[in-house]
Amino acid sequence: MTKKHIDSCFQSQKTSDCHSMDGPRKWVKNLNFLCSKREPPGEFYLVGIPFDYTSTYRPGARFAPYEIRKASHSIESFSFYSKKDLCEVDLVDLGDLEVPSSPELLEEFIALDEIADSKFAVLGGDHSVTLPILRKIRDRIESYVQLDAHLDMREEYLGEKFGHASVARRAVEILGEDRVLLMGVRSASKEEYRFCLERGIEYYPPEDWDNGIESISSLRGEVYLSIDLDVLDPSYAPGVGNPEPMGVSPSQVIEVIRTLGKKIKAFDVVELNPLFDSGITSVLAAHLVRETILLSL
27 MTKKHIDSCF QSQKTSDCHS MDGPRKWVKN LNFLCSKREP PGEFYLVGIP
77 FDYTSTYRPG ARFAPYEIRK ASHSIESFSF YSKKDLCEVD LVDLGDLEVP
127 SSPELLEEFI ALDEIADSKF AVLGGDHSVT LPILRKIRDR IESYVQLDAH
177 LDMREEYLGE KFGHASVARR AVEILGEDRV LLMGVRSASK EEYRFCLERG
227 IEYYPPEDWD NGIESISSLR GEVYLSIDLD VLDPSYAPGV GNPEPMGVSP
277 SQVIEVIRTL GKKIKAFDVV ELNPLFDSGI TSVLAAHLVR ETILLSL
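Take the sequence shown: its position 207, counted from the start at 1, is 233 in my numbering, and no numbers get skipped.
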């Protein structure tokens, strides 16, 4: 992939005005994720999608890519889980994607053709950013695994079919119900619950975690992993768009990542909301990005 291709698809991270939590702010020049470089080629790519136009409760996820990158520089590059070092990975941070103001147009702005053959990570953004990516790599993966407090199986929510509350429903339409698996679910509407029962969609609440791990371990082929940070209990991750009590621990999320391992083709970390965070959720998100990259290689 050439620099020309990158510049045509992704927003330059050169110093420019942007709207921030504190009002207008200058982007920090060359703020890359820990141990990454800006120019391709590489063995693993990372992109940010600062999009939260479908948020319905606590908007602010558009600030997450910046905060995750910033937090990454407060953690070690070496992982005790994988015994690997991120600085030994040829990691390319492409910066943030310029995004439109509607989820229907988002797919037109996400040009991933140049990196789709490589492994890559996406920093959201609300959960709607998953859908255009999933459509673009549907023929390159066998399964979609979503870690989430919510079923996200609504046909539509507040008039929006492609929003954060309908991600898994659209994933079923894109891939089929036998290729979608959800973990950590503990909140849903009655209609969503019935839909999953009728269609035989696999989902595992926190109390059935071990059976979910067993199911994940049996997956074959490459997987897209979507990590909605609200899967975590709010005591671990308070800074999310739609927090739900009685969630899972970071160690349980790592267990999923470790179980999938090299089957992970691509992944996203979504729904971090820095406006409601002291910084601990951003640091946790940075840790999860590091661990997923290292365990997938």
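Ideal Cβ positions, reconstructed from N, Cα and C, are used throughout, including at glycine.
Tell me the DSSP secondary structure of E228 in three-state form. Looking at E228 - three-state DSSP - the assignment turns out to be strand.
Validate contact between the segment 116–124 and the segment 62–72 using beta carbons, cut 8 Å, 3 pairs: Cβ pair count under 8 Å is three or more, so yes.
For the alpha helix (DSSP H) containing K162, list its first residue and its last residue. Per DSSP, K162 is one residue of the alpha helix (DSSP H) stretching across 156–163.
Can at least three beta-carbon pairs, one atom from the segment 302–321 and one from the segment 255–266, be found at a separation below 8 Å? Segments in contact, yes.
Does the distance from the CB of V125 to the CB of F70 come in under 7 Å? No, they are not a contact pair.
Local conformation of K288 per DSSP, three classes: Assigned with DSSP and collapsed to three states, K288 falls in helix.
Under 7 Å, do E240 and D256 count as touching if we go by C-beta distance? No. Outside cutoff.
Please report how far the alpha carbon of M47 lies from the alpha carbon of E297, in whole angstroms. Residue confidence for M47 is low, a pLDDT of 38 falling below 50, so the modelled location carries little weight; the figure read from the coordinates is stated next. Going by C-alpha positions, M47 is about 16 Å away from E297.
Within 7 Å, strictly: CB atoms of I94 and L149: Yes, the pair counts as a contact, with Cβ atoms nearer than the cut-off.
Contact check, D294 vs D174, beta carbons under 7 Å: Taking a C-beta distance under 7 Å as the contact criterion, D294 and D174 do not qualify as a contact pair.
How would you label P158, buried or exposed, when you count the other beta carbons within 10 angstroms and need 16 or more for buried? With 16 or more other Cβ atoms within 10 Å, it is buried.
Decide if P50 is buried, meaning its Cβ has at least 16 other Cβ atoms within 10 Å, or exposed. With a pLDDT of 34 at P50, under the threshold of 50, the modelled position of that residue is not reliable, and no figure is offered here.
According to the Cβ coordinates, are D178 and V193 closer than 7 Å? Taking 7 Å as the cut-off, the Cβ atoms of D178 and V193 count as close.
Within the continuous beta strand (DSSP E) that includes A147, where are the two ends? That run of the beta strand (DSSP E) goes 145–150.
Within this structure, are the beta carbons of E248 and K289 separated by less than 7 Å? It is a contact, given that the beta carbons lie within the stated cut-off.
Going by DSSP, what residue range makes up the alpha helix (DSSP H) through D236? Run containing D236: 235–243, per the alpha helix (DSSP H) assignment.
For a quick check, are the C-beta atoms of L314 and S108 less than 7 Å apart? It is not a contact, given that the beta carbons lie outside the stated cut-off.
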